[in-house]
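Colleague:
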Amino acid sequence: MQTARRISQVIFILFFLFLFFQAAFPYKNFIPSDLFLRSSPLVALATLLATKKFIGTLVIAFIILILSIALGRYFCGWICPLGTTIDFGDWLSRKYRSKKPNPKRKLRTWKFSILIAILVAALFSVQLVWFFDPIVIMTRTMTTALYPLFTFFTESVLNMLLSIGIFQDTLFSVYDFLRETVLPIESLFFQQGILFAVILIGIMLLSLIARRFWCRYCCPLGALFAFFSSFRLTRGIVVASDKCIDCGKCQRECKMDAINDDFRSHSRIECIECMSCIAVCPTDAISYKLKLRFVPERFNVSRRRFVYSATGGILTLSLIKTGFHSIVTAGQAVRPPGALPESQFLDRCVRCQECAKICSSTGGCLQPALLETGWEGIWSPIVNARHGYCEYECNLCGKVCPTGAIHPLDLEAKKQLRMGTAYFDKSRCIPWYRAEDCLVCEEHCPLPDKAIKFDIREARRPDGSTKIVKFPYVDETLCIGCGICVTRCPVEGPGGIFLTNALEQRWDESASF
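Residue numbers (our numbering): 1 to 513.
1. Here's the rule I'm using: 16 or more other beta-carbon atoms within 10 Å means buried, otherwise exposed. How should Ala240 be labelled?
2. Use the C-beta contact count for Trp214: other C-beta atoms within 10 angstroms, 16 or more gives buried, fewer gives exposed.
3. Would you mind working out which of Ile406, Leu200, Leu503 sits nearest Gly420, comparing C-alpha positions?
4. For Gln191, which three-state DSSP category applies?
5. Excluding the 5 residues flanking Thr47 on each side, which residues of the same chain have their C-beta closer than 8 Å to its C-beta?
6. Should the segment 355–370 be regarded as contacting the segment 302–315, the criterion being three or more beta carbon pairs within less than 8 Å?
7. Does the Cβ-Cβ distance between Lys249 and Asp90 come in under 9 Å?
8. Would Thr109 pass as a contact of Ile13 if the rule is Cβ separation under 9 Å?
9. Using a threshold of 9 Å, state whether the C-beta atoms of His325 and Thr487 are closer than that.
10. To the nearest whole angstrom, what separates the beta carbons of Ser68 and Phe225, a pair I think is in contact under 8 Å?
11. What residues in its chain sit with their C-beta under 7 Å from that of Tyr175, if we drop five residues either side in the sequence?
12. Cβ of Tyr288 within 9 Å of Cβ of Val238?
13. For Tyr308, name the three-state secondary structure that DSSP assigns.
14. Leaving out the 5 sequence neighbours to the left and right, which residues in its chain are closer than 7 Å to Ile430 when beta-carbon positions are compared?
15. Looking at Thr141 and Ile199, is the spacing between their C-beta atoms short of 9 Å?
16. Extract the residue ranges of the beta strand (DSSP E) inside the segment 268–315, only unbroken runs of 3 or more that lie entirely within it.
17. DSSP three-state label for Pro472, please.
18. Would you call the CB atoms of Cys352 and Gly222 closer than 9 Å?
19. Within its chain, find whatever has a CB closer than 7 Å to the CB of Leu35; leave out the 5 residues flanking it on each side and keep chain order.
20. So, with DSSP's three-state summary, where would you put Asp449?
Okay, structure coming up:
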């Protein structure tokens, strides 16, 4: 059973990586690349509470959650990609792990407190799930940190080997294959990638204190599975008392410290069905049986802790809702095409960066926000037009959004939707401040009827001479805010043209473009 569990973990982490790399142009979604995100019951429940709507794409998450009534916390031990990553980290750090006894078991209630705070905040329309959900953490870190790192090292090694001059035909074949499968068109750069990497590293380093520290004490998704597992209908792990010799190997090997001190009973709330106890038992006293037996297990979450946790969630959402946000930076925060109205968008967006991942394979404009739209919008996707642009022939971001924060638009509707409006900075635009022609922005405008027009007239140059100059201006009735003019502007530093969310169109049920 332990071998089967390890095989399952390997299969699912490879499947997770396959879906991750599938989120690229051209997108062939015979299996949705956001399937794992759709499968997170925490994402589904928090989004349901925040939006007060049932989102059909998340139905698989509720099926997975209901199955825990029969199978316990199987998702944590057999499927979760972050759990698998932590297990790998545990194996690497086994020689350096603290020899002190495990932290007190009462700390297990931390994860329930976090879960309560998240759900209470969601009930008042503040999403906090993006910081704690393990699937979101893995997807976001893969997109912003690990994938760019993988790309950098892979290309560096291949370039080094090619410079040596041996096996060049083979290396070029390998390089071409990687380009067609996993490598991006050009190097990737994401805002705050280092921060997201540090968060994952911190979660991994907690294993030096205790195995699966995050899963034992912090993970709210694990807490949600634990709650449903307390009503489990089957027995699971069974110990034959006549065979048990009280050696304690099962308790020492348990990843979750779920085995009680009598060595014959365990907490079904904490057990992740890893089968490690079965593998180490010297007398084969432990077995796994799915026989019907309904004996609810009592939670060790007091009323006082519930009140404290709920209060913590309310205070957190109050601070976030009342936090200052700059009108200037908020006006420069352009959302992806098809984004819902801002309040609904923030209710649904789980900051997974799946949209940023697939956008990086086309125009590459989406980046995780910092405080441009205040604390409530932190890490949500915004357009960084100086770095990249929204490709006119691309509508992929809406196809990979697991919660519908970005509505999937057909290509023709997307081409007509206005994300924002560009404006010229006359103190930096070459024709305006230098009285010299520059046609770059107009040449790159993708619209059939260019949104950038010219006012052709005579201008006086700094040396006193006169010249006929084409002064560009934006036709606001045509501009869709794709940002390619901002990206391609040749002016160093802040460009001569900038993008705002003025005149933006957000998607809603009655919208027509």
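Every residue gets a Cβ at the ideal spot worked out from N, C-alpha and C, and that includes glycine.
This one's a predicted model, so the numbers in the text were calculated from it and none came from an experiment.
Modeller: Taking the structure as given:
1. On the sequence shown, position 240 is the one that residue 240 refers to. Exposed: under 16 other Cβ atoms inside 10 Å.
2. Stepping through the sequence shown from its first residue, residue 214 is reached at position 214. With 16 or more Cβ atoms within 10 Å of its Cβ, Trp214 is classed as buried.
3. One-based indexing of the sequence shown puts residue 420 at position 420. Selected option, being the one with the closest Cα: Leu503.
4. Translated into positions along the sequence shown, residue 191 becomes position 191. Note: Gln191 maps to coil in three-state DSSP.
5. Translated into positions along the sequence shown, residue 47 becomes position 47. Excluding residues within five positions, the ones whose Cβ falls inside 8 Å are Ile55, Leu58, Ala122, Gln127, Val129, Asp347, Arg348, Val350, Thr403.
6. No contact exists between the segment 355–370 and the segment 302–315.
7. Taking the sequence shown and counting its residues from 1, one reaches residue 249 at position 249. Taking the sequence shown and counting its residues from 1, one reaches residue 90 at position 90. No, these two residues do not count as a Cβ contact at 9 Å.
8. Along the sequence shown, one-based indexing puts residue 109 at 109. Along the sequence shown, one-based indexing puts residue 13 at 13. No, they are not a contact pair.
9. Your numbering for residue 325 matches position 325 in the sequence shown. Your numbering for residue 487 matches position 487 in the sequence shown. No. Outside cutoff.
10. Here residue 68 refers to the residue found at position 68 when the sequence shown is read from its first residue. Here residue 225 refers to the residue found at position 225 when the sequence shown is read from its first residue. That belief holds up - the Cβ atoms of Ser68 and Phe225 are roughly 5 Å apart, short of 8 Å.
11. Along the sequence shown, one-based indexing puts residue 175 at 175. So the qualifying residues of the chain are Leu158.
12. Within the sequence shown, numbered from 1, the residue matching residue 288 stands at position 288. Within the sequence shown, numbered from 1, the residue matching residue 238 stands at position 238. The answer is yes: Cβ separation under 9 Å.
13. Within the sequence shown, numbered from 1, the residue matching residue 308 stands at position 308. Here Tyr308 sits in helix by DSSP.
14. For this step, residue 430 is matched to residue 430 along the sequence shown. Excluding residues within five positions, the ones whose Cβ falls inside 7 Å are Glu436, Cys438, Val491, Gly496.
15. Residue 199 sits at position 199 when you count from the first residue of the sequence shown. Residue 141 sits at position 141 when you count from the first residue of the sequence shown. Against a cut-off of 9 Å, the Cβ pair of Thr141 and Ile199 comes out as a contact.
16. 286–292
17. As a first step, residue 472 is located in the sequence shown; it is residue number 472 there, counting from the start. Three-state result, Pro472: strand.
18. In the sequence shown, the residue the question calls residue 352 occupies position 352. In the sequence shown, the residue the question calls residue 222 occupies position 222. The answer is no: Cβ separation not under 9 Å.
19. In the sequence shown, the residue the question calls residue 35 occupies position 35. Closer than 7 Å at the Cβ level, and outside the excluded window around Leu35, lie Leu19.
20. As a working mapping, residue 449 is identified with position 449 in the sequence shown. Three-state DSSP puts Asp449 in coil, outside helix and strand.
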